[in-house]
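Each protein sequence line maps, in turn, to chains A and B.
Here the first sequence stands for residues 41 to 50, numbered as in our numbering.
Here the second sequence stands for residues 1176 to 1385, numbered as in our numbering.
Report on one structure; see the data block that follows.
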Amino acid sequence: PNSKLKKDEL
Amino acid sequence: NLFRIAGDISHLVSILILLQTIEKGKTTSGISLKTQILYVVVFVTRYLDLLTTYVSLYNSLMKIFFIASSVYVVWLMTSKYNKKFKEDQDVFPVKYLVGGSFVMSLLFHYKFTFSEILWSFSLWLEAVCILPQLFLLQKTGEAKAITTHYIFALGLYRALYIPNWFYRYYSENRLDLLSVSAGLLQTTIYSDFFYVYYQKVLKNWGFNLP
């Protein structure tokens, strides 16, 4: 899984 | 995706219910000030990235709304309706929640930086910060139906994030283990309330249908 997370959640 | 949108809407609705309840009744009785203050802490610590990263207009607007509304509710509770505010039953020991969340954030984070620790802290704190409200509900026994609708919508929001995380895992190969763990904990805390809500509120509605 993607480890570079984009924090686009609230 | 659908779950994410539904979750966000549910979160939005919960706050609108809360604001409407306070404004209409001109009272904040039955609402835990401690939980509301914790929400200010949650949103401020999580949305610090508003200043550094831009995701989307939707994202920024929602973040600003959540910070502003939580501060507004605390202001309503402490200043505007202060005279009617008498909550000697709101006595949940919040320091354990804050302390526990802080320890969890030190143990689990993606990077050992100030903002990442705070972000993780906000996840754990959000998971548990409804406890003073549930505690108050249990102490006062009878709650106004509207307060339970508020808690239900608030709980539903994180519960809906769970299928959203499944969806994103399969469609984007995205897995945010921290959000998922804290989210599962949060939903577990609400589960008992969900059950009671289902038993009391939903069944009564069904019963009263013309």
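Note that CB positions come from ideal geometry on N, CA and C, so glycine has one too.
- Is the Cβ-Cβ distance between B/L1402 and B/M1252 less than 8 Å? One cannot answer for residue 1402 of chain B here, as it falls past the ends of chain B, which runs 1176 to 1385.
- Consider the Cβ of B/V1230: report whether some Cβ of chain A lies at a distance smaller than 8 Å. Sequence index remark: in the second sequence, residue 1230 of chain B carries index 55 (1-based). Residue-level contact check: B/V1230 touches chain A, since one or more beta carbons of chain A fall below 8 Å from its beta carbon.
- Message: By the DSSP assignment, the alpha helix (DSSP H) with B/Y1229 in it spans what residues?
- Response: Against the second sequence, residue 1229 of chain B aligns to sequence position 54. B/Y1229 -> no alpha helix (DSSP H), and no H or E assigned at all.
- Task: Run down chain A in chain order and give the residues with a C-beta less than 7 Å from the C-beta of B/S1295.
- Result: For the purposes of this step, residue 1295 of chain B is taken as residue 120 along the second sequence, with counting starting at 1. Within chain A, no C-beta atom comes less than 7 Å from the C-beta of B/S1295; the nearest is roughly 11 Å away.
- Cβ contact (3+ pairs, closer than 8 Å) linking the stretch 1230-1248 of chain B and the stretch 1336-1355 of chain B: Pairwise C-beta distances place the stretch 1230-1248 of chain B out of contact with the stretch 1336-1355 of chain B, as fewer than three of them are shorter than 8 Å.
- Task: Mind checking the stretch 1346-1357 of chain B against chain A and listing, in chain order, the residues whose C-beta falls within less than 8 Å of any C-beta there?
- Result: Considering only beta carbons, the part of the stretch 1346-1357 of chain B lying closer than 8 Å to chain A consists of E1347, N1348, R1349, L1350, D1351 and S1354, in chain order.
- For B/N1234 and chain A, any beta-carbon pair shorter than 8 Å? Residue 1234 of chain B sits at position 59 when you count from the first residue of the second sequence. For B/N1234, the answer is yes, since a Cβ of chain A falls inside 8 Å of its Cβ.
- For B/H1186, return the contacting residues in chain A, with the cut-off set at a CB-CB distance below 8 Å. Along the second sequence, one-based indexing puts residue 1186 of chain B at 11. Within chain A, the residues whose beta carbon sits less than 8 Å from that of B/H1186 are L50, listed in sequence order.
- Message: So, under 8 Å CB-CB, B/V1249 and B/Q1211 are touching, yes? Tell me the CB distance rounded to an integer number of Å.
- Response: If you number the second sequence from 1, residue 1249 of chain B lands on position 74. If you number the second sequence from 1, residue 1211 of chain B lands on position 36. About 5 Å; that satisfies the 8 Å criterion.
- Message: Within 10 Å of its beta-carbon, does B/Y1336 have 16 or more other beta-carbons around it, so buried, or fewer, so exposed?
- Response: Along the second sequence, one-based indexing puts residue 1336 of chain B at 161. Buried: at least 16 other Cβ atoms inside 10 Å.
- Message: Considering Cα atoms alone, identify which of B/S1356, B/G1330 and B/K1314 is closest to B/I1305.
- Response: Position 130 of the second sequence, counting from 1, holds the residue named residue 1305 of chain B. Measuring C-alpha to C-alpha distances from B/I1305 to each of B/S1356, B/G1330 and B/K1314 identifies B/G1330 as the nearest.
- Message: Please classify B/R1282 as buried or exposed, where buried requires at least 16 other C-beta atoms within 10 Å of its C-beta.
- Response: Position 107 of the second sequence, counted from the first residue, corresponds to residue 1282 of chain B. First, the residue type needs correcting, since residue 1282 of chain B is Leu and not Arg in the sequence shown. Classification for B/L1282: exposed.
- Between B/S1280 and B/R1221, what straight-line distance do the alpha-carbon atoms span, to the nearest angstrom? Your numbering for residue 1280 of chain B matches position 105 in the second sequence. Your numbering for residue 1221 of chain B matches position 46 in the second sequence. So the alpha carbons of these two residues sit roughly 12 Å apart.
- Mind checking if B/K1286 is an interface residue toward chain A, Cβ cutoff 8 Å exclusive? On the second sequence, position 111 is the one that residue 1286 of chain B refers to. Chain A contact via Cβ: absent.
- Message: Please report whether the beta-carbon of B/M1237 lies at a distance below 8 Å from any beta-carbon of chain A.
- Response: In the second sequence, residue 1237 of chain B corresponds to position 62, counting from 1. With 8 Å as the cut-off, B/M1237 counts as an interface residue toward chain A.
- Item | Amino acids of chain A, ordered along the chain, whose beta-carbon sits closer than 8 Å to that of B/D1224 | Taking the second sequence and counting its residues from 1, one reaches residue 1224 of chain B at position 49. Neighbours of B/D1224 in chain A, taken as residues whose beta carbon is under 8 Å from its own, are K47 in chain order.
- Message: Can you find the residues in the same chain that come closer than 8 Å, C-beta to C-beta, to B/Q1264, ignoring five residues on each side of it along the sequence?
- Response: In the second sequence, residue 1264 of chain B corresponds to position 89, counting from 1. Scanning its chain for C-beta atoms nearer than 8 Å, with the 5 sequence neighbours on each side dropped, one finds around B/Q1264 the residues L1311, K1314 and T1315, in chain order.
- Task: Measure the beta-carbon distance from B/A1302 to B/L1213 and round it to whole angstroms, keeping in mind my assumption that it falls under 8 Å.
- Result: Within the second sequence, numbered from 1, the residue matching residue 1302 of chain B stands at position 127. Within the second sequence, numbered from 1, the residue matching residue 1213 of chain B stands at position 38. Here B/A1302 is actually not in contact with B/L1213; their C-beta atoms are around 11 Å apart, not less than 8 Å.
- Whose C-alpha, out of B/E1291, B/Y1332 and B/H1324, is nearest the C-alpha of B/D1183? Counted from its first residue, the second sequence places residue 1183 of chain B at position 8. Scanning B/E1291, B/Y1332 and B/H1324 for the CA closest to the CA of B/D1183 turns up B/Y1332.
- Task: Verify whether the separation of the beta carbon atoms of B/S1244 and B/I1190 is less than 8 Å.
- Result: Sequence index remark: in the second sequence, residue 1244 of chain B carries index 69 (1-based). Sequence index remark: in the second sequence, residue 1190 of chain B carries index 15 (1-based). Between B/S1244 and B/I1190, the C-beta spacing is below 8 Å.
- Task: Give me whichever residues DSSP pairs with B/R1122 in a beta bridge.
- Result: Residue 1122 of chain B lies beyond the residue range present for chain B, which begins at 1176 and ends at 1385; the question has no answer from this structure.
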